[in-house]
Every structure is written in structure tokens, then in C-alpha cells.
Amino acid sequence: MTFFTHRWVRGEAFWGRKKLIQELKGRLNKFTWILGNRRIGKTSLLRQIELLCKTENWGFTPLYLDFQGAGDDEGLKMAFLEAFDEQEEFADELKLDLDQLESRPLSSFLYHIKRQLKRSKISVLFLIDEAEELVDISHSNPQVLSLLRKFFHDHEKIGVFLTSSYVLHEVKEPSRTSQFIQEFLPPLRLFPFTEEETVGFLGQNGISPEDSAAIYETCYGNPYLVQNLGEKTQQLGFENACKELHNSKFFKYFFESNFNCLPLPLREGLQESDPAQFFQQLEPTPDTIEYLTQSTIFVKEDNAIKPNPLLYSVYSTNSLVPKKDQTSRYQLFYEFARSLSQREKKLSALHLDADWPDPALVRHIQEPPSMEMLQLSDEKALLHTLLWASPEFIQGAAATEQTHVYLAALFLSAIFMKKSPLHAFKSIRERSQAYLNTPVELNRTVLEEFDIHPKTAMILLKALSVDPKLRYHDVDSLVADVKQVETNN
128 MTFFTHRWVR GEAFWGRKKL IQELKGRLNK FTWILGNRRI GKTSLLRQIE
178 LLCKTENWGF TPLYLDFQGA GDDEGLKMAF LEAFDEQEEF ADELKLDLDQ
228 LESRPLSSFL YHIKRQLKRS KISVLFLIDE AEELVDISHS NPQVLSLLRK
278 FFHDHEKIGV FLTSSYVLHE VKEPSRTSQF IQEFLPPLRL FPFTEEETVG
328 FLGQNGISPE DSAAIYETCY GNPYLVQNLG EKTQQLGFEN ACKELHNSKF
378 FKYFFESNFN CLPLPLREGL QESDPAQFFQ QLEPTPDTIE YLTQSTIFVK
428 EDNAIKPNPL LYSVYSTNSL VPKKDQTSRY QLFYEFARSL SQREKKLSAL
478 HLDADWPDPA LVRHIQEPPS MEMLQLSDEK ALLHTLLWAS PEFIQGAAAT
528 EQTHVYLAAL FLSAIFMKKS PLHAFKSIRE RSQAYLNTPV ELNRTVLEEF
578 DIHPKTAMIL LKALSVDPKL RYHDVDSLVA DVKQVETNN
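When the letters of the sequence shown are read in order and numbered with this note's numbering, they come out as residues 128 to 616.
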């Protein structure tokens, strides 16, 4: 065997999960949700099941669907088409003309496939990866989940395994996903490797029992971390591997992406207080313990939850939000501003699953539904959207270049404050009103607390003006002034 650090695995490279796979084998004609955090091995599990269906004659034809980045109806349709492209023989069995299907709207597209499935009498297991993408798609078309529900439920020879993070769990309100998700509950949880699985896997790759045990105690069995630290240990030895790992960008990204998959109340609580103090006040219900330890951000000791010691070595702080020097603060802002400038369609708000916008993804995300529509259909989503909005979003006005100036300035202020300034306002009414006044109070106390230069504060006040005419003309002008402050100070 060998280490695979940045791709999914199956076959001989796949390790562990024997008990879970046996359980899933007994659920082939059912609807199963496999809940797991980032880098826990969800894709590899689905790909392994796909292989086993084919090689061990499980009686079901597998069809792997990757919903990542689908974004809308058209993207969802493309995910199906790509899956059938991978399985040309299956598409031929169903007599599907993929070129002709591509031009159909999603409802007609799904109806035709379902009709061909019924005629064929083939048992099919749909393996859906990155199912949380359905949350965003349902915003632009609320009928999508109803279409999928009908597609999957009207044929007795269909099974569905879908994987996602907790994001999908958070949005199972009746108005959005409960009808679709109902038969998938409760989810099965995909946990890190046990110590036995970790030591066994590393031993197969020539790592000594002592180093294998040390790697488990460092990574708590997370497959992604085990693979990376195992590979580095093989090359450098355990101690040097740890040093290199702690200094790498992917290590911080791993924790931050998993943190963004936590339920919103936990994210907010951890951002506002010391993790150790926060967990002393948290009632450790079985569900909470299972999910938090699954994330590998936290560990369980004596039925209590504690922050993973790795966090302190990564960030050298009691905060889950890493400290940034001035240069990295500004660099993150420049990347965000560049992504905004590259958009064809202007945004009036950022509709996110995570508390922090990923600058690289801002150029691709969709404009959220209007404030009125969200208020009618999903107040929880609206409250979250109001962390990264603008006066134009509140007023229902069209977004302009000056709106992007506002969003960029809001992001810059959040970098300094380590969270959106709108976190200070807890209700929809309070957050909405803040946008029509000033969402960021930049007095002397605030400037000293968050190390904001007075000239930067003046730039923010101008860019965050309620009246678009009083803001910078464009994002480039805002960036130019920020760069001047950075250069001179």
C-alpha cells in the first residue's frame, strides 16, 4: 500500500470501514444519509461501495453523482449527465440519448430517466456526494427537492446513499428540505479511524508501532491527517513531520473548513469565547459529543469535550480563529476584492453556508433570494445572510459597483474583528436596521482593541456609507487607498 493524500481511494488502497460497509450492504434499497465532516473519507466510501456493487455482485447497479458546485438546475442536470458518461453501458441499457436529454429542463429530464428505469427493471443505487449543494440549489428553485423526492420515491428498485456535512442537517425546515430528507433520517455517522485501524493502516506502510501510536494520538484517527502525517513520517521521521505539518497551509485549512461545518450556535459560541470555557458550559448530549468529536477539532475525554490540542500548536492561541499579521490581513482582503471585481453579475449580499466567505469562491456564488422571500420561507437563512449584506439588499435595490465596495469593506472590517460586525446584532430587525445606519462602530476603543489604523478606519467609514453615492466609485479605488495605508504603515 501507499499514501494517497489529496484524492479519494478505493480497492486495495481503501482501508477500514468494514462494519459500516456491512451495514450499508443491508440498506441497498433504502434511503441513507451518511453524515461526515470535511476530509473524513465520504467520497472514498461512496467510490468503494460503487466498486463493491460491481465486483461482488450486490444486485444493484451503482451510479455515482457528484453534486459539488452544481449551483442550480442546470448544474444538477450536468451531474447526472456526467454520471451516465462514466457508465456508458448503463446509459445504453436504459436507451438514454444523452445529447438529446441535455436540452431538456430538469423536470422533463428526470421524468424520462425514471420512466426508462421502470421499463428496464434494473435495481439502481444512487451514490450522491456533496449533497449539501441541494441547499443552495433549492434557494433558486424551491421545486428541486420535490422533483428529486418524486424521482427517487416512485420506483421500488431504487436505493440512495447521500453524503454531506452538517450543513444539510441544519436546513431541514418544512419549507425547504424536510419532505426530501425525511426518509434519510436519522443519518449514519462517518467517524475517524479507530486506534486499531490507524495503527494497522500505518503498519502496512512500514511505519513502526511506536510512530503509528503517536500519529493516532496526534490526528485522532482522521484519515486525511493520518495519510499526510504518515507520508511525512515515512520521509522525515515523526518529530520533523509534525513540525512541517504544523507550518503547512493545508493543516490550517483542514481545521477551518471543518469548523465551518459545525452547527451555527457552536460556531458563534466558540468565536465569542475561549473554547475551554465554552465547553465547560456546554451540556454534552450524545449527539453533540458524536458530532464534535467526528470533526477532529475536538476530542472526548471522560465524557467531556475538549479542544483538540493540535489547535493550540497550529494557532498558538486559545481562539479557533487564527491570529493574522497585518500583511496577511490585507492579502485576504485583496483576494476577496479581486473575486468581486471578476464577477459578471453584481451581488447585494453573500448567501453562505459558512460564517466566513471563501475569497476564491466569491466570484461564483449566486445572488440570494430577496429579503422578502427569505423572510417568508426561511428566517434562519435570512438571519445568516444578514451577516454579509448591504443597504441595497435591505431596500430591495439593484446591486451596483458601489454595492461591491460596501461588501469588500464589510469583509475587511470582519478580518480585523475576526467575525462579521453584524454578529453583534442578534435579530433580523436589529441587523436590518444596522445596515440603514452604520454596522461598524469605529471609536478609539475599537481601533485599539482590534489594532485598526485610524486611516483604515476612515476608509471603512467612507466605504460603508449607507448612501452608495458617498462610497468609493469602484472596488479598485477602495483597494488603492487600502494599499497606500498598508505601504505607509
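No residue lacks a Cβ here, since even glycine has one placed at the ideal position from N, Cα and C. Everything numeric in this text was worked out from a predicted model, so none of it was measured.
Of the candidates Glu-201, Leu-254, Glu-260 and Glu-216, Glu-201 places its Cα closest to the Cα of Ser-235. Taking 8 angstroms as the cut-off, the Cβ atoms of Leu-317 and Ile-167 count as close.
Under DSSP, Tyr-191 shares a beta bridge with Leu-254. In this structure, the CA atom of Ser-466 is about 16 angstroms from the CA atom of Ala-526. Distances from the alpha-carbon of Ser-384 to those of Gln-361, Lys-472, Gln-331 and Ser-292 put Ser-292 closest. If you ignore the 5 residues before and after Ile-555, its C-beta comes within less than 8 angstroms of the C-beta of Gln-502, Glu-506, Leu-509, Leu-510 and Leu-513, all in its own chain and listed in chain order. Pro-232 counts as exposed, since fewer than 16 other C-beta atoms from the protein chains shown sit within 10 angstroms of its C-beta.
Distance from the CA atom of Lys-248 to the CA atom of Met-498, rounded to whole angstroms, is 46 angstroms. When the beta-carbon positions are compared, Phe-311 and Trp-160 come within less than 8 angstroms of each other. Cβ-Cβ distances below 6 angstroms link Arg-598 to Gln-529, Val-532, Ala-590 and Ser-592 in the same chain, with the five nearest sequence neighbours on each side left out; the list follows chain order. Under the DSSP assignment, Ser-540 falls in the alpha helix (DSSP H) whose first and last residues are 528–544. In the DSSP annotation of this structure, the continuous segment of the beta strand (DSSP E) that includes Leu-162 starts and ends at 158–162. Fewer than three Cβ pairs drawn from the segment 208–227 and the segment 172–183 lie within less than 8 angstroms of each other, which leaves the two stretches out of contact. Contact between Ile-255 and Phe-194 holds, with the beta-carbon distance rounding to 6 angstroms and staying under 8 angstroms. Cβ-Cβ separation between Phe-320 and Gly-138: approximately 18 angstroms, too far for a contact (criterion under 8 angstroms).
Where Val-353 is concerned, the enclosing alpha helix (DSSP H) starts and stops at 350–363.
In the pairwise beta carbon analysis, the segment 324–336 is classified as not touching the segment 177–185: fewer than three pairs are separated by under 8 angstroms.
Going by beta carbons, Ser-504 and Ser-475 fall outside the 8 angstroms limit.
Rounded to whole angstroms, the Cβ separation of Glu-283 and Ala-197 is 27 angstroms, and the two are not in contact under 8 angstroms. When secondary structure is reduced to three states using DSSP, Thr-325 falls in the helix class.
For Lys-473, the closest alpha carbon among the candidates Val-489, Tyr-191 and Leu-356 is that of Val-489. The three-state reading of DSSP puts Gly-138 in helix, counting H, G and I together. Rounded to the nearest angstrom, the gap between the Cα atoms of Phe-463 and Leu-539 is 9 angstroms.
Between Phe-381 and Tyr-351, the C-beta gap is smaller than 8 angstroms, which places the two residues in contact. In the structure shown, the three-state DSSP call for Leu-289 is strand. Rounded to the nearest angstrom, the Cβ distance from Val-602 to Tyr-457 is 14 angstroms, too far for a contact under 8 angstroms. Between Leu-569 and Leu-588, the C-beta spacing is below 8 angstroms. Within 10 angstroms of the beta-carbon of Lys-553 lie fewer than 16 other beta-carbons, which makes it exposed. In this structure, the CA atom of His-600 is about 23 angstroms from the CA atom of Ile-492. Burial check for Glu-257: the Cβ neighbour count within 10 Å reaches 16 or more, so the residue is buried. Less than 8 angstroms separates the beta-carbon of Pro-581 from that of Leu-574. Taking Arg-246 as reference, the option from Leu-274, Glu-220 and Glu-229 with the minimal CA-CA separation is Glu-220. Ranked by Cα distance from Pro-495, the first of Ile-264, Leu-356, Ile-148 and Phe-187 is Ile-264. Secondary structure of Phe-552 (DSSP, three-state): coil.
The beta-carbon separation of Gly-348 and Phe-130, rounded to 15 angstroms, does not stay under the 8 angstroms limit for a contact. Under DSSP, Arg-598 shares a beta bridge with no residue.
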